[in-house]
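Basically the numbering used here = 1-based index in the sequence shown + 21.
Backbone N, C-alpha and C define an ideal beta-carbon position, used for all residues, glycine too.
Keep in mind the model is a prediction, meaning the values are calculated, not measured.
Single-structure report; data block below.
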Amino acid sequence: MNKNRKVLVTGADGFIGSHLTEMLVRKGYEVNAFCLYNSFGLKGWLDFVAPEIKNNINYIFGDIRNYDSISKAVKSNNFVFHLAALIGIPYSYTSPSSYVDTNIKGTLNVLEACRKFDIEKLIHTSTSETYGSAQYVPINEEHPLVAQSPYAATKIAADQLALSFFKSFNTPVSILRPFNTYGPRQSCRAVIPSIILQILEKKEFISLGSLMPTRDFNYVSDTCEAFEKICISNKTTGQILNAASEYEISIADTVKEISKIMNSKISIISDQKRLRPDKSEVNRLFGDSSRLQELSNWKPKYKGLDGFREGIKKTIDWFINNRNNTLYSDNNFSL
Numbered sequence: 022m023n024k025n026r027k028v029l030v031t032g033a034d035g036f037i038g039s040h041l042t043e044m045l046v047r048k049g050y051e052v053n054a055f056c057l058y059n060s061f062g063l064k065g066w067l068d069f070v071a072p073e074i075k076n077n078i079n080y081i082f083g084d085i086r087n088y089d090s091i092s093k094a095v096k097s098n099n100f101v102f103h104l105a106a107l108i109g110i111p112y113s114y115t116s117p118s119s120y121v122d123t124n125i126k127g128t129l130n131v132l133e134a135c136r137k138f139d140i141e142k143l144i145h146t147s148t149s150e151t152y153g154s155a156q157y158v159p160i161n162e163e164h165p166l167v168a169q170s171p172y173a174a175t176k177i178a179a180d181q182l183a184l185s186f187f188k189s190f191n192t193p194v195s196i197l198r199p200f201n202t203y204g205p206r207q208s209c210r211a212v213i214p215s216i217i218l219q220i221l222e223k224k225e226f227i228s229l230g231s232l233m234p235t236r237d238f239n240y241v242s243d244t245c246e247a248f249e250k251i252c253i254s255n256k257t258t259g260q261i262l263n264a265a266s267e268y269e270i271s272i273a274d275t276v277k278e279i280s281k282i283m284n285s286k287i288s289i290i291s292d293q294k295r296l297r298p299d300k301s302e303v304n305r306l307f308g309d310s311s312r313l314q315e316l317s318n319w320k321p322k323y324k325g326l327d328g329f330r331e332g333i334k335k336t337i338d339w340f341i342n343n344r345n346n347t348l349y350s351d352n353n354f355s356l
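Encoded structure:
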């Protein structure tokens with residue numbers, strides 16, 4: 022791809038968005054980073070990237086819930102990576118209307134803007150949570166969609182909106198459905214950072230929710246590579262594509278792997294505040310990414326138990342740095 026191609030990343034200030042923005046800059050793209058407007062001019066995690074990256078990003082402040090805001094940002098770009106969303110499942114129980122406004126109405130605004138300005142491709146971000154608990158494994162893109170949380174319901178709706186624009190208006194949309202992404206900068210509302218941070222705090226007892234669910238964890242650089250591979254492939258338009266490491270591990274075994282690497286002996290307490298409602302817990306996620314691999318030549322680098330361990334080591338190394346871990350408080354696990 023020509024390095025002069027212009028791309029917009031919505032949600033660039035977030036966990037995955039900041040990594041994607043950083044990767045695209047390093048690969049020579051002209052990157053416009055759409056960050057949530059705030060009176061302090063804060064750019065989220067992009068405030069913490071290396072100066073040579075930070076200084077090569079064009080920052081745009083706005084809100085995807087406002088059409089004028091996102092429309093001005095989309096104009097003149099070749100490609101749009103749409104990652105802006107509310108993603109915390111616990112907060113979706115408290116404020117589902119916020120998720121409707123951001124995840125559904127916000128996505129509609131992005132779609133309308135991409136249609137208006139004839140964007141070459143929009144890569145819309147979905148989530149493996151749209152599948153609910155696995156009815157069969159590995160989960161491919163034909164698996165039924167089951168909303169087990171208000172968050173998942175809004176993501177299903179956003180996905181369907183994106184597909185409807187492809188079918189109704191021929192808007193060039195691709196949908197990336199990552200399984201559980203982890204890595205540096207992730208919020209401590211997620212289980213892996215929560216475990217690491219509690220061990221760093223020298224806690225004898227670690228508070229977690231259910232230990233039985235299994236997950237297919239994707240290291241963040243693999244997820245970011247999937248975004249770019251979909252963007253540059255001429256076979257992915259109109260497609261829903263899973264990005265999965267194709268390795269399944271329980272939360273209990275994830276704790277064991279992290280504690281081994283950190284050389285820590287711990288006990289686990291089941292914290293009622295961290296448990297999802299019974300019918301809302303997604304008990305099993307184990308993905309099939311063969312379609313993505315076939316259509317884009319993407320392959321996960323952090324695959325299997327060895328790949329998971331390598332990704333966990335890199336994540337731990339980042340969190341061990343005091344400059345990084347002091348930004349967190351595990352008490353805010355739900356955010």
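Here the C-alpha atom of Lys-250 lies approximately 19 Å from the C-alpha atom of Ala-54. Beta-bridge partners of Lys-27 (DSSP): Glu-51. Looking at the backbone, the Cα of Gly-65 and that of Lys-96 are separated by about 23 Å. Closest in alpha carbon position to Leu-104, among Gly-204, Asp-180 and Asp-237, is Asp-180. Of the candidates Lys-322, Cys-135 and Leu-57, Cys-135 places its Cα closest to the Cα of Phe-190. In this structure, Gly-204 keeps its C-beta atom at 8 Å or more from the C-beta atom of Thr-347. Bounds of the alpha helix (DSSP H) holding Asn-343 are 343-346. In this structure, DSSP gives Phe-248 a helical state, which the three-state scheme calls helix. Excluding residues up to 5 positions away in sequence, Cys-209, Phe-340, Asn-346, Tyr-349 and Asp-351 lie with their Cβ nearer than 8 Å to the Cβ of Leu-218 in the same chain. Residue burial is scored here from C-beta neighbours: Arg-344 has fewer than 16 other C-beta atoms within 10 angstroms and is therefore classed as exposed.
Counting along the chain, Ser-317 sits inside the alpha helix (DSSP H) bounded by residues 311-317.
Bounds of any alpha helix (DSSP H) do not take in Leu-63, whose DSSP letter is neither H nor E. In the structure shown, Tyr-172 falls within a helical segment according to DSSP collapsed to helix, strand and coil. Tyr-157 counts as exposed, since fewer than 16 other C-beta atoms from the protein chains shown sit within 10 angstroms of its C-beta.
Note that the C-beta distance between Leu-232 and Arg-312 is not below 8 Å.
Here Ile-253 is exposed, its C-beta having fewer than 16 other C-beta atoms within 10 Å.
By the neighbour-count criterion, in which a residue is buried when 16 or more other Cβ atoms sit within 10 angstroms of its Cβ, Leu-306 is buried.
Here the region 173-187 makes no contact with the region 313-326; the two share fewer than three CB pairs at distances below 8 Å. For Thr-128, the enclosing alpha helix (DSSP H) stretches over residues 127-137. Within its own chain, the residues whose Cβ lies closer than 7 Å to the Cβ of Tyr-80, once the five positions on either side in sequence are excluded, are Ala-54, Cys-56 and Lys-64, listed in chain order.
According to the DSSP secondary-structure assignment, Ser-288 is paired through a beta bridge with Phe-226.
Relative to the Cα of Lys-334, the nearest Cα in the group Thr-258, Ser-266, Pro-117 and Lys-281 belongs to Lys-281. Distance between Ser-39 and Ala-106, taken at the CA atoms: about 14 Å.
Straight through space, the alpha carbons of Gln-260 and Asp-274 are spaced by roughly 33 Å.
A straight line joining the alpha-carbon of Pro-159 with that of Glu-267 spans about 8 Å.
Gly-49 counts as exposed, since fewer than 16 other beta carbons sit within 10 angstroms of its beta carbon. With a cut-off of 8 Å on Cβ pairs, the region 227-241 is in contact with the region 286-297, counting three or more such pairs. Under DSSP, Thr-151 forms no beta bridge with any residue. Look at the beta carbons and you see the region 192-199 touching the region 132-150: at least three pairs across the two are nearer than 8 Å. Comparing alpha carbon positions, the residue from Asn-98, Ser-170 and Asp-237 closest to Phe-138 is Asn-98. DSSP places Ile-261 inside the beta strand (DSSP E), whose first and last residues are 261-264. In the DSSP assignment, Val-194 forms a beta bridge with Leu-143.
For Pro-298, the number of other beta carbons within 10 angstroms of its own is below 16, and it is reported as exposed. The C-beta distance from Pro-199 to Asn-255 rounds to 22 Å, too long to fall under 8 Å, and the pair is not in contact.
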